[in-house]
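Student: Please read through the structure below; I'll follow up with questions.
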Amino acid sequence: MRSLSLLSRKWGSISTARLNSTLTEAQATPDPHKAALAHPDYFSVHNLFTVKDLFDARVHYGHRDGSLDERMLPYVYGSRLGHIIFDLDKTAEYLRRALNVAAHVAYRDGIILFFLRGAQNSHLVEKTAQECGEFAHTRFWRGGIFTNATKQFGAVTRLPDLCIFFNSQNNVLLQHTAVKDAAKMGIATVGVVDSNCNPNLLTYPVPGNDDSPAAVELYCRLFKAAILRGKERRKADFNE
Amino acid sequence: MAQSRLEKIGTIYTRVTGLIKSGALKWEDRPLWYDIYEAFPPKEEPKFDRPAPNLPLKNIFYEEDKIRAVFHKNNKNVGTTNFLDSKHKTITQRFIQIYKTVEAQYDGTASDSQIYQEAIDLLKRDQESRKAEDEISLSSAFKEAQAQESRDKVKINVSDIFKE
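Protein chains in written order, with the working numbering: chain E, 1 to 240; chain F, 1001 to 1164.
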């Protein structure tokens, strides 16, 4: 018994030594992307839109009071005769964060996957993905695409580094399975959350309207611009 | 490569940090978004069990709603509004403007019904004068259409259609 307790104390000291070594290892190898991270807005994505653009695209319209998810309350300005209205100042802040993250992921040559379940705007999202050189999945989501990728695709699969949900719900108004699966597989997520959505599992939620074609068009345009800017800077900084 | 598929425990960041600290995941194999998350963390931690805050849902009401209410109660047919046209004022907005000017003129001396009656009369006169402005006749509309057609004429040469 005494020898066991000695062993456990020794084991504890070994793990702290390993922790220190991993940290020093991190500091030793220089990160080529570090300069970009130091700047608060390296790709100038903050200037891609104004609050008025959000208003004109009807981003502030939520659904009705009855379908409000209580977790969305911090992002809601109020209810106008039963209709939820989002606080566009907050939306703008969250959207700027999300665009910045998307641009940084594109800067590091990451794979970005767009999601939208809804026939009206699916084609637009697919076209946007094609135009910015990324990927989209706007069809039925088979259960194991992330969690059982090697078996489903028949080969070793590289999963996306960022998932962008233009609508975090599926056709039956339940949370899209990919939100939970991305959290399971350790994939960062950006998602537009409407007043009836659950923002908890999304890494960078963007509270706003996800149903109007005008709003979806705006999001597509903004994310495409952010990703293309990230890729441009990558080409400029590393392929000179 | 080690993984942690427990989405209900902590956040993706805490789980990956845990894996790195315990040595299951090497620093070089960390996910692409890890450094980005450290530099630009989200406003709220994306925890599965983040509780719903105890905030009230405010009702949005304006002072002008009183005027709107009385206007729409007494006038059921106010025509259509073009939501995509933000340059022109709607009939309700014009009525509110007129009502406020009348109210300012009286400055508390008249009752609400008096102010309303006067505002409605002013609005009716305003409507008539607008109608008189854009008086459309069949002949003028035809001439305008002809002029537009000649302006927008598209010249098509059949032999050029298949040329590359």
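No residue lacks a Cβ here, since even glycine has one placed at the ideal position from N, Cα and C.
(1) Return the chain-ordered ranges of every alpha helix (DSSP H) run that is complete within the region 122-168 of chain E and spans a minimum of 4 residues.
(2) Could you check whether the Cβ of E:V206 sits closer than 8 Å to any Cβ belonging to chain F?
(3) Please state if the CB of E:C197 and the CB of E:Y178 are separated by a distance shorter than 8 Å.
(4) Should F:N1082 be flagged as near chain E, meaning a C-beta pair shorter than 8 Å?
(5) Between F:V1154 and chain E, is any beta-carbon pair separated by less than 8 Å?
(6) With C-beta atoms as the reference, is E:G62 less than 8 Å away from E:H83?
(7) On a Cα-Cα basis, can you pick out the residue from F:S1139, F:K1073, F:L1032, F:D1112 that is closest to E:V101?
(8) Are E:V193 and E:P207 closer than 8 Å when you measure CB to CB?
(9) For E:Q175, which beta-bridge partners are listed by DSSP?
(10) For F:G1108, does the count of other Cβ atoms within 10 angstroms reach 16, so buried, or fall short, so exposed?
(11) Does F:Q1093 have its Cβ less than 8 Å from a Cβ in chain E?
(12) In this structure, what does DSSP give as the bridge partners for E:F115?
(13) Start and end of the beta strand (DSSP E) containing E:Y77?
(14) Could you list which residues in chain E have their beta carbon closer than 8 Å to that of F:K1066, in chain order?
(15) Between F:E1040 and chain E, is any beta-carbon pair separated by less than 8 Å?
(16) Using a Cβ cut-off of 7 Å, pull out every chain E residue sitting near F:V1078, in sequence order please.
(17) For E:R64, name the three-state secondary structure that DSSP assigns.
(18) From the DSSP output, in three-state form, read off E:F86 for me.
(19) Is DSSP giving E:P199 helix, strand or coil here?
(20) Tell me which residues share the same chain as E:A136 and place their Cβ nearer than 6 Å to its Cβ, disregarding the 5 neighbours each side in the sequence.
(21) Check whether the Cβ atoms of E:P213 and E:Q120 lie closer than 8 Å to each other.
(22) Is E:P160 buried or exposed, if buried means 16 or more other CB atoms sit within 10 Å of its CB?
(23) Alpha carbon to alpha carbon, how far is F:G1023 from E:A57?
(24) Whole angstroms is fine: what's the gap from E:H46's alpha carbon to E:L222's?
(25) Does the distance from the C-beta atom of E:F43 to that of E:L88 stay below 8 Å?
(26) In its own chain, which residues sit with a C-beta less than 8 Å from the C-beta of E:F49, not counting the 5 before and 5 after it?
(27) Would you please verify whether the beta carbon of E:A106 is less than 8 Å from any beta carbon of chain F?
(28) Given a threshold of 16 other Cβ atoms within 10 Å of its Cβ, counted over all protein chains shown, does F:I1096 qualify as buried or as exposed?
(29) Curious, which full-length beta strand (DSSP E) runs of at least 3 residues does the region 1084-1151 of chain F contain?
(30) Give the C-beta separation of E:A106 and E:G230 to the nearest angstrom, bearing in mind that I take them to be a contact with Cβ-Cβ under 8 Å.
(31) Going by DSSP, which residues form a beta bridge with E:V190?
(32) Can you give the Cα-Cα distance for F:A1039 and F:L1006, rounded to whole angstroms?
(33) Whose C-alpha, out of E:D211, E:I85, E:M185, is nearest the C-alpha of F:K1008?
(34) Please state whether the Cβ-Cβ distance between F:R1094 and F:L1123 is less than 8 Å.
(35) Have a look at E:A103 and F:N1054 and give me their C-alpha separation to the nearest angstrom.
(36) When you compare the CB of F:D1160 with every CB in chain E, is at least one pair closer than 8 Å?
Tutor: Quick answer:
(1) As far as the region 122-168 of chain E is concerned, its whole alpha helix (DSSP H) runs of at least 4 residues are 149-153.
(2) Locating residue 206 of chain E in the first sequence gives position 206, where the first residue counts as 1. So, not an interface residue.
(3) Against the first sequence, residue 178 of chain E aligns to sequence position 178. Against the first sequence, residue 197 of chain E aligns to sequence position 197. Here residue 178 of chain E turns out to be Ala, not Tyr, going by the sequence shown. Contact: no.
(4) Here residue 1082 of chain F is taken as the residue at index 82 of the second sequence, counted from 1. So no, F:N1082 is outside the interface.
(5) Walking along the second sequence from the start, residue 1154 of chain F turns up at place 154. Interface residue (Cβ-Cβ distance to chain E less than 8 Å): F:V1154 is not classified as such.
(6) Taking the first sequence and counting its residues from 1, one reaches residue 62 of chain E at position 62. Taking the first sequence and counting its residues from 1, one reaches residue 83 of chain E at position 83. Yes, Cβ-Cβ distance for E:G62 and E:H83 is below 8 Å.
(7) As a position in the first sequence, residue 101 of chain E is number 101, starting the count at 1. Selection F:S1139, F:K1073, F:L1032, F:D1112 evaluated against E:V101 yields F:L1032 as nearest (Cα-Cα).
(8) Residue mapping note: residue 193 of chain E aligns to position 193 of the first sequence, counting from 1. Residue mapping note: residue 207 of chain E aligns to position 207 of the first sequence, counting from 1. With respect to E:P207, E:V193 sits close: the two C-beta atoms are nearer than 8 Å.
(9) For the purposes of this step, residue 175 of chain E is identified with residue 175 of the first sequence, where counting begins at 1. According to DSSP, E:Q175 bridges with E:Q169.
(10) Counting from 1 along the second sequence, the entry for residue 1108 of chain F is found at position 108. Exposed.
(11) Within the second sequence, numbered from 1, the residue matching residue 1093 of chain F stands at position 93. With 8 Å as the cut-off, F:Q1093 does not count as an interface residue toward chain E.
(12) Counted from its first residue, the first sequence places residue 115 of chain E at position 115. DSSP, once it has assigned bridges, lists E:H137, E:F165 as partnering E:F115.
(13) Counting from 1 along the first sequence, the entry for residue 77 of chain E is found at position 77. Unbroken beta strand (DSSP E) run through E:Y77: 76-80.
(14) Against the second sequence, residue 1066 of chain F aligns to sequence position 66. Ordered by position in chain E, no residue passes the 8 Å Cβ test against F:K1066, which lies about 14 Å from the chain.
(15) Numbered from 1 along the second sequence, position 40 holds the residue referred to as residue 1040 of chain F. Per the sequence shown, residue 1040 of chain F should be read as Phe rather than Glu. Taking Cβ atoms only, chain E reaches closer than 8 Å to F:F1040, which makes this a yes.
(16) For this step, residue 1078 of chain F is matched to residue 78 along the second sequence. Simply none; closest approach about 17 Å.
(17) Residue numbering aside, residue 64 of chain E sits at position 64 when the first sequence is read from its first letter. Under the three-state reduction of DSSP output, E:R64 falls in the strand class.
(18) Here residue 86 of chain E refers to the residue found at position 86 of the first sequence. For E:F86, the three-state secondary structure derived from DSSP is strand.
(19) By one-based count along the first sequence, residue 199 of chain E stands at place 199. In the three-state scheme derived from DSSP, where H, G and I count as helix and E and B as strand, E:P199 is classed as coil.
(20) Mapped onto the first sequence, residue 136 of chain E falls at position 136. Annotation for E:A136: F114, V125, E126, A129 place their beta carbon closer than 6 Å to its own, counting only its chain and skipping 5 residues before and after.
(21) For the purposes of this step, residue 213 of chain E is identified with residue 213 of the first sequence, where counting begins at 1. For the purposes of this step, residue 120 of chain E is identified with residue 120 of the first sequence, where counting begins at 1. A distance below 8 Å separates the beta carbons of E:P213 and E:Q120.
(22) The count along the first sequence starts at 1 and reaches residue 160 of chain E at position 160. Around the CB of E:P160, 16 or more other CB atoms lie within 10 Å, so the residue is classed as buried.
(23) Sequence index remark: in the second sequence, residue 1023 of chain F carries index 23 (1-based). Sequence index remark: in the first sequence, residue 57 of chain E carries index 57 (1-based). Each residue's Cα considered, the two are about 48 Å apart.
(24) Position 46 of the first sequence, counted from the first residue, corresponds to residue 46 of chain E. Position 222 of the first sequence, counted from the first residue, corresponds to residue 222 of chain E. As the crow flies, the alpha-carbon of E:H46 is around 10 Å from that of E:L222.
(25) Looking up residue 43 of chain E in the first sequence gives position 43. Looking up residue 88 of chain E in the first sequence gives position 88. Contact flag unset, no.
(26) Residue 49 of chain E sits at position 49 when you count from the first residue of the first sequence. Contacts found: A92, L95, L218, L222.
(27) Numbered from 1 along the first sequence, position 106 holds the residue referred to as residue 106 of chain E. Chain F places no beta carbon closer than 8 Å to that of E:A106, leaving this residue out of the contacts.
(28) In the second sequence, residue 1096 of chain F corresponds to position 96, counting from 1. With a 10 Å radius around the Cβ and a threshold of 16 neighbouring Cβ atoms, F:I1096 comes out buried.
(29) The qualifying runs do not exist here; there are none.
(30) Locating residue 106 of chain E in the first sequence gives position 106, counting from the first residue. Locating residue 230 of chain E in the first sequence gives position 230, counting from the first residue. In this structure, E:A106 and E:G230 form a Cβ contact; the two beta carbons are roughly 3 Å apart against a cut-off of 8 Å.
(31) Sequence index remark: in the first sequence, residue 190 of chain E carries index 190 (1-based). According to DSSP, which records beta bridges pairwise, E:V190 is partnered with E:I164, E:Y204.
(32) Numbered from 1 along the second sequence, position 39 holds the residue referred to as residue 1039 of chain F. Numbered from 1 along the second sequence, position 6 holds the residue referred to as residue 1006 of chain F. Straight-line spacing of the CA atoms in F:A1039 and F:L1006 works out to 24 Å.
(33) Here residue 1008 of chain F refers to the residue found at position 8 when the second sequence is read from its first residue. In terms of Cα proximity to F:K1008, the closest of E:D211, E:I85, E:M185 is E:M185.
(34) Along the second sequence, one-based indexing puts residue 1094 of chain F at 94. Along the second sequence, one-based indexing puts residue 1123 of chain F at 123. Yes. Within cutoff.
(35) Here residue 103 of chain E refers to the residue found at position 103 when the first sequence is read from its first residue. Here residue 1054 of chain F refers to the residue found at position 54 when the second sequence is read from its first residue. Taking the straight line from one Cα to the other gives about 34 Å.
(36) Here residue 1160 of chain F corresponds to residue number 160 of the second sequence, with the count starting at 1. Taking CB atoms only, F:D1160 has no neighbour in chain E less than 8 Å away.
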